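Following numbering that gives the first Met the number 0, the numbering of the sequence shown begins with 0 at its first residue and continues without gaps.
Just so you know, even glycine gets a beta-carbon here, dropped at the ideal spot from N, CA and C.
Remember, predicted model here, so these are calculated numbers, not experimental data.
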Amino acid sequence: MFGKLKTFLYTQVYINILVNIKKTTIYVEELHFDGKSQIFEKIFDTSENDKINGYISQMAKKTPLHYISLLDTSLEQGATPTCSSQDMTQFCDLGASKHVCYSKQWGYYTSKLDVLEYQKRYAKVGLDYIFSPFLLLNNFFKDKIDEDLSLFILVQNDFLSLCVFNHSALLFAKHLDMDNQNEFQDDLLMEEHSDDEDLSLDDVGINLEDVNVIDDIDSLDDFDDIEDLATFDEMDEVDEMDEFSEDDSQEVEDVTVTQPPLDEENGFGEDYHRFSLIQSAIKDFYLDEKFESDFVQKVYIANAVRMSNELKKFLEEEMYLSVIVRKINLGTELCEAAKAEKR
């Protein structure tokens, strides 16, 4: 009762952190008791940790009802087609991971070491939630997840998150780092400059309210109160999240960022690189016996970057896939995931 009363007395502030190698975006939504909201967005160099923490602290001081969320970037994260801890060992090292079951159907996990690093990086402000990109994909495409077998892809600047669903059952998932294979992209562009021939294309969140920064890595085993990557130790209690619908009365105040024109040469190289990673991941899905594989015919892409149309063309023309691309605002989706946790 008192909790509901506080939401009428205080503005709620949802602070969302989106990190890539070069830039960190802080997306903030102020939700007022009358239902109106204001949105603020600010971009920092990722190396400017003090400035980032300072801005987050400034936003958080506006109200006692503030919630700070981070989109997980761990290279050791993933998702599993099972909720059984015993069966999960086929897909990840449970001793080094924190994991959660979603709707008693499938699970996702992340690295304990990376959780510790996040806590240290944002120790001055604290973190309430760490959300998995697989959870955001599930929420964003929830109108398609329960249909026939399809591949779902979240495209970020530095990462690709892929999962295959068949009637809401997760069959396969993989989180890929774009930066680890920059040499491939450099070689591709050099080859393009060296001759005029065409290239062959054959080929949730963790609730951290009760967790302090830890100096001793052995104490990672004491994370029993973390409630979300969505809830690690109460794995059957994760509720399905509602899809965000924008309020027509929403007031928007944000920092307008002027983006440079898309470099077609670099866009081609990046999209071919993404295509190659996706092609390799699908091959793993087909060949690895631990996955219940079937033929992929349809692909849904959540595009969070200034992606050219080349990736769609590669997938359609080289792999004969039906491809649908939707633009995704990761700040909005992360904010909605945090709101769902507070309902």
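For residue i, count the other beta carbons within 10 Å of its own beta carbon; 16 or more makes it buried, fewer makes it exposed. Which is it?
i, result
"residue 291", "exposed"
"residue 98", "buried"
"residue 88", "exposed"
"residue 224", "With a pLDDT of only 38 at residue 224, under the threshold of 50, the placement of this residue in the model should not be trusted; the figure read from the coordinates follows. Under this definition residue 224 is an exposed residue."
"residue 164", "buried"
"residue 286", "exposed"
"residue 316", "exposed"
"residue 323", "exposed"
"residue 289", "exposed"
"residue 311", "buried"
"residue 115", "buried"
"residue 36", "buried"
"residue 93", "exposed"
"residue 229", "The predicted position of residue 229 is uncertain, since its pLDDT is 45 and thus under 50; no value can be drawn from it."
"residue 32", "exposed"
"residue 17", "buried"
"residue 340", "buried"
"residue 269", "buried"
"residue 28", "buried"
Inspect the beta-carbon positions of residue i and residue j and report whether they are closer than 8 Å.
i, j, result
"residue 320", "residue 329", "no"
"residue 148", "residue 283", "no"
"residue 26", "residue 333", "yes"
"residue 72", "residue 11", "no"
"residue 43", "residue 51", "yes"
"residue 303", "residue 325", "no"
"residue 23", "residue 40", "no"
"residue 336", "residue 138", "yes"
"residue 9", "residue 140", "no"
"residue 280", "residue 112", "no"
"residue 278", "residue 318", "yes"
Below 8 Å on the Cβ atoms is my guess for residue i versus residue j; work out the distance and round it to an integer in Å.
i, j, result
"residue 76", "residue 166", "The pair is not a contact, with the Cβ atoms about 24 Å apart (cut-off 8 Å)."
"residue 169", "residue 78", "6 Å"
"residue 338", "residue 128", "Not really, about 11 Å apart at Cβ, beyond 8 Å."
"residue 45", "residue 15", "So it is not a contact: roughly 15 Å between Cβ atoms."
"residue 96", "residue 83", "Going by Cβ atoms, the distance from residue 96 to residue 83 rounds to 14 Å, so no, they are not a contact pair."
"residue 176", "residue 30", "Not confirmed; about 34 Å, so no contact."
Name the DSSP beta bridge partners of residue i, please?
i, result
"residue 162", "151 and 172"
"residue 28", "13 and 38"
"residue 108", "77 and 98"
"residue 64", "11"
"residue 343", "Because the chain in this structure spans residues 0 to 342, residue 343 falls outside the shown range and cannot be described."
"residue 128", "68"
"residue 43", "23"
Segment contact, 8 Å Cβ cut-off, at least three pairs: the stretch 96 to 113 with the stretch 121 to 135
In short, these stretches touch, since the Cβ pair count reaches three.
Count the CB pairs spanning the stretch 148 to 163 and the stretch 268 to 282 that are closer than 8 Å, and state whether there are at least three.
Enough Cβ pairs lie closer than 8 Å, so yes.
Quick check: the stretch 113 to 126 against the stretch 59 to 71, are there 3 or more CB pairs under 8 Å?
Three or more Cβ pairs closer than 8 Å define a contact, and the stretch 113 to 126 meets that threshold against the stretch 59 to 71.
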